[in-house]
Every structure is written in C-alpha cells, then in structure tokens.
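In my numbering, each number is its position in the sequence shown, counted from 1, plus 6. Where is the CB? At the ideal position from N, CA and C, for every residue including glycine.
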Amino acid sequence: MLHRVAVGVSLALVVLACLNILRPFFGPLLWAVILTVTAWPVVLASILTSILIAVFCMIPVTYGVAVAAQSFKPVSQLLLDSSKGGLPAPPPWLREYPYGETIYQKWEKSAQDRTQLIQDLSPLLKQGATKLGQMAGKVGVGLLEFAMALIICGFFFAYGETLTRSGQMTLQKLFGPKGDELLDISARTIRSVMLGILGTAALQAALMCVGFSLAG
C-alpha cells in the first residue's frame with residue numbers, strides 16, 4: 007500500500023515538474039492544436055499547410071505594423087520640427103471645435119515659448135516611449151509564440167494520425183466507449199469556433215475596407 011502511494015506521489019511530482027517546464031509553451035501548444043485541428047480535414051501536407059497558415063496570419067500583422075510605422079512618421083516629423091524651430095502657429099479653425107479655444111491658447115503659448123514646450127512635451131514623450139516599448143515587447147513575444155506554434159503545427163501535421171490514435175486510446179481508458187465520441191465532439195467544437203471567428207473577422211475586415219475606401 008505504501009509502495010503504491012509512494013509511486014503515485016512520485017508520478018504526480020514528475021507530472022507537475024513537466025507541466026512547470028512546459029508552462030511557457032502552453033500558449034504556442036494550444037494555438038498549434040487549434041490550427042492543426044481546424045485545418046486537418048483540408049490538407050495533410052505538413053509543410054504546405056504550415057506555410058499557408060503563416061502567410062495568411064503574418065500578412066495582416068506585417069501590414070498593420072507597416073501602417074502603424076507610417077502613421078508615426080508625421081508625429082515624429084512634427085516633434086523634430088518643434089525641437090528645432092518651435093511649434094507652428096495654431097490654425098484659426100481650431101477654435102470652432104469643442105475645447106478648441108483652450109487647445110488653441112495652450113498651443114499658441116507653447117509656440118511662443120520653446121522652453122515651456124520642451125517642459126510640456128518631456129513627460130509625454132517619456133510616457134509615450136515607455137508605452138511604445140511595452141507594446142513592442144508584447145508584439146515581439148506574441149510573434150515569437152506564434153512562430154513557435156507554426157513550427158509545432160508542422161510536427162502535429164506530420165504525426166497527426168499517431169497522436170490521434172494515442173488520444174483515442176487514452177480517452178477510451180479514461181471514459182470507456184465514450185472516449186471516441188468526446189474526441190470527435192472536441193474536434194468539431196474547435197473547428198466550429200475557429201470558423202466562426204474567421205468568418206466574423208473576414209466580414210469585419212471587408213466592411214472596414216469598404217468604409218476606409220469611401221472615406222478616402
């Protein structure tokens with residue numbers, strides 16, 4: 007009896023240690039499972055599928071980063087011009103908007119006093135740089151995890167049938183004849199959710215493209 011308890015405790019400790027080691031990889035592993043289960047009925051070629059997933063997922067990310075970089079150019083140019091020659095005079099039409107008079111007066115004061123301008127902008131620039139650094143770090147970690155998920159996807163596609171049989175055997179031992187049914191329900195649920203998310207995202211992207219095109 008004591009021997010069985012010792013074996014059970016040792017096995018539990020080993021499992022906990024393995025889970026602790028794998029904890030940083032839970033995100034990529036989960037994404038790899040979701041992507042593999044979603045795309046599995048379509049194709050079985052691991053390399054081709056991984057490349058297609060990478061292309062369709064990385065293109066929007068790359069485009070978003072490029073657009074964000076282009077958006078920061080006017081701001082950086084304005085800050086550069088301001089540091090050299092001060093702010094330009096505020097436009098008169100600014101007063102016509104809500105809170106425009108207050109903004110106009112502060113802008114005009116900063117344009118006339120370069121020292122005050124630097125003092126006003128310094129904390130904002132520090133906060134902005136800190137937030138941009140944090141955002142860049144999160145984006146970098148996210149891209150790294152996604153790249154790891156794509157690599158794991160390749161292995162899952164290559165050995166998917168073996169992994170499926172192992173999963174079936176495990177579930178059959180745990181739940182008996184219902185094991186296969188649970189595995190099938192899980193796979194169909196993952197596919198349905200992912201297709202719903204992708205369909206909604208595609209519709210939103212199409213509507214945004216139409217809206218941006220109309221807005222010029």
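DSSP places residue 45 inside the alpha helix (DSSP H), whose first and last residues are 32-45. Proximity to residue 33 across 156, 172, 190 peaks at 156, based on C-alpha coordinates. Contact between residue 44 and residue 196 holds: CB atoms are separated by about 6 Å, below the 8 Å threshold. Under the three-state reduction of DSSP output, residue 182 falls in the coil class, being neither helix nor strand.
Residue 135 places its beta carbon 9 Å or farther from that of residue 114.
By the criterion of a C-beta distance shorter than 7 Å, residue 110 is surrounded in its chain by 96, 100, 101, once the five residues flanking it on both sides are discounted.
Between the segment 136-156 and the segment 25-42, the count of Cβ pairs shorter than 8 Å is three or higher; the stretches touch. The C-alpha of residue 138 lies about 49 Å from the C-alpha of residue 181. The beta carbon of residue 201 is closer than 8 Å to those of 44 in its chain, skipping five residues each way along the sequence. A direct Cα-Cα distance of roughly 26 Å separates residue 98 from residue 128. Straight through space, the alpha carbons of residue 162 and residue 186 are spaced by roughly 19 Å. Residue 218 and residue 206 have their C-alpha atoms spaced approximately 18 Å apart.
Following the DSSP letters along the chain, one finds residue 117 inside the alpha helix (DSSP H) bounded by residues 106-118.
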